[in-house]
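In full-length UniProt numbering, the protein residues as written are 1 to 217. For every residue, glycine included, the Cβ atom is placed at its ideal position computed from N, Cα and C. Since the structure is predicted, the reported quantities are computational estimates derived from the model, not experimental observations. To start, the structure itself, in structure tokens.
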Amino acid sequence: MATLLLRLQGPMQSWGTTSRFDERDTQLEPSKSGVLGLVCAALGRDRRQSLEDLTALRMGVRVDREGVPLRDYQTATGVLIASGKADPRRTVVSPRFYLSDAVFLVGLESADTALLERIQGALRRPVWPLALGRKSFVPGIPVFLADGLLHADLLSALSGYPPLVLWTPGGSVRLVLEDLQEGSVRLDQPVGPFAERRFGPRFVKQEVLHVPDPIDP
């Protein structure tokens with residue numbers, strides 16, 4: 001088993017999983033659909049292409065720095081009405097939610113090491129620009145980690161990798177790990193090409209990684 005680690009850090013991020021109609025939400029950590037979308041951009045994979053090899057990856061997130069949730073007031077015109085047609089005269093309020101200054105270490109676990117190697121190479125030289133949930137939210141620091149491909153399971157890789165930011169001694173950081181059988185439900189598992197916009201449920205469990213206190217000399 002191997003795990004590929006990605007660094008997701010930037011001034012603004014947004015990872016929606018339940019966005020419908022006028023409101024655009026964000027989770028407190030990256031969604032699987034968003035991360036796989038980033039991987040597809042790096043690989044140069046078209047939205048109409050199959051995602052079966054990528055959706056089989058097991059994902060985990062280590063929250064090195066919690067983001068600050070922000071809400072933006074926006075309006076939109078030309079929205080759909082009950083008839084299914086766009087009305088150019090209608091304007092609606094469209095709240096948008098974001099995360100500011102968040103830092104995440106994302107892990108993708110697979111027995112297919114060759115696939116992870118291809119993804120890592122693509123992250124180093126992406127075909128298309130990478131974004132943190134939305135096209136305008138570019139990474140503030142490269143997603144690619146030169147030492148990010150580890151021959152370790154997901155939990156070990158996320159727990160053992162050095163902090164991306166300075167942690168508070170005696171504190172803790174969150175781990176959000178995909179589980180096959182139980183946990184809270186996230187509706188961010190692609191069940192077809194991105195062009196079809198079809199997503200199904202997956203389970204995630206949260207764990208806590210404790211930061212040790214410094215040892216006195």
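CB of L4 within 9 Å of CB of L149, strictly
Here the question's residue 4 lines up with position 4 in the sequence shown. Here the question's residue 149 lines up with position 149 in the sequence shown. A contact, by the Cβ cut-off of 9 Å.
Burial state of E196, where buried means 16 or more other Cβ atoms lie within 10 Å:
Locating residue 196 in the sequence shown gives position 196, where the first residue counts as 1. If you draw a 10 Å sphere on the C-beta of E196, you find fewer than 16 other C-beta atoms in it, and that means exposed.
Local conformation of K32 per DSSP, three classes:
Here residue 32 corresponds to residue number 32 of the sequence shown, with the count starting at 1. It is helical.
Exposed or buried, residue 269, counting other C-beta atoms within 10 Å across all chains shown (16 or more means buried)?
In the structure as shown, the chain begins at 1 and stops at 217. Residue 269 is therefore absent and cannot be evaluated.
Specify the secondary structure class of L158 as computed by DSSP and reduced to three states.
Indexing the sequence shown from 1 puts residue 158 at position 158. Note: L158 maps to helix in three-state DSSP.
Compare the Cα-Cα distances from Q13 to each of P69, R47, M1, V176 and report the closest residue.
In the sequence shown, counting from the first residue as 1, residue 13 sits at position 13. Residue nearest to Q13 within the set P69, R47, M1, V176 is P69 (criterion: CA-CA distance).
Quick one: what does DSSP say G107 is sitting in, helix, strand or coil?
Taking the sequence shown and counting its residues from 1, one reaches residue 107 at position 107. Per DSSP, reduced to three states, the secondary structure at G107 is strand.
Can you have a look at A102 and say buried or exposed, based on whether 16 or more other CB atoms are within 10 angstroms of its CB?
In the sequence shown, residue 102 corresponds to position 102, counting from 1. Buried is the label assigned to A102, since at least 16 other Cβ atoms lie within 10 Å of its Cβ.
Please name the residue, chosen from G171, Q206, L164, P88, that lies closest to G183 on a Cα-to-Cα basis.
As a working mapping, residue 183 is identified with position 183 in the sequence shown. Just measuring C-alpha positions, the residue of G171, Q206, L164, P88 sitting nearest G183 is Q206.
Are three or more beta carbon pairs between the segment 169-188 and the segment 138-146 nearer than 8 Å?
Too few Cβ pairs lie closer than 8 Å, so no.
Give the straight-line distance between the Cα atoms of A2 and W167, rounded to the nearest whole angstrom.
As a working mapping, residue 2 is identified with position 2 in the sequence shown. As a working mapping, residue 167 is identified with position 167 in the sequence shown. The straight-line gap separating the alpha-carbon atoms of A2 and W167 is approximately 26 Å.
Have a look at T17 and V191 and give me their C-alpha separation to the nearest angstrom.
Numbered from its first residue, the sequence shown carries residue 17 at position 17. Numbered from its first residue, the sequence shown carries residue 191 at position 191. Rounded to whole angstroms, the separation of the alpha carbons of V191 and T17 is 14 Å.
What first and last residue would you give for the alpha helix (DSSP H) that runs through E52?
Here residue 52 is taken as the residue at index 52 of the sequence shown, counted from 1. For E52, the enclosing alpha helix (DSSP H) has its first and last residue at 52-55.
Rounded to the nearest angstrom, how far is the Cβ of L115 from that of L158, given a contact under 8 Å?
Along the sequence shown, read from residue 1 onward, the residue named residue 115 stands at position 115. Along the sequence shown, read from residue 1 onward, the residue named residue 158 stands at position 158. The pair is not a contact, with the Cβ atoms about 19 Å apart (cut-off 8 Å).
Shortest alpha-carbon distance to R45 belongs to which of A56, I119, L154?
Locating residue 45 in the sequence shown gives position 45, where the first residue counts as 1. Ranking the options by Cα distance to R45, first place goes to I119.
Please report the straight-line C-alpha distance between L6 and K85, rounded to a whole angstrom.
By one-based count along the sequence shown, residue 6 stands at place 6. By one-based count along the sequence shown, residue 85 stands at place 85. The alpha-carbon atoms of L6 and K85 are separated by roughly 41 Å.
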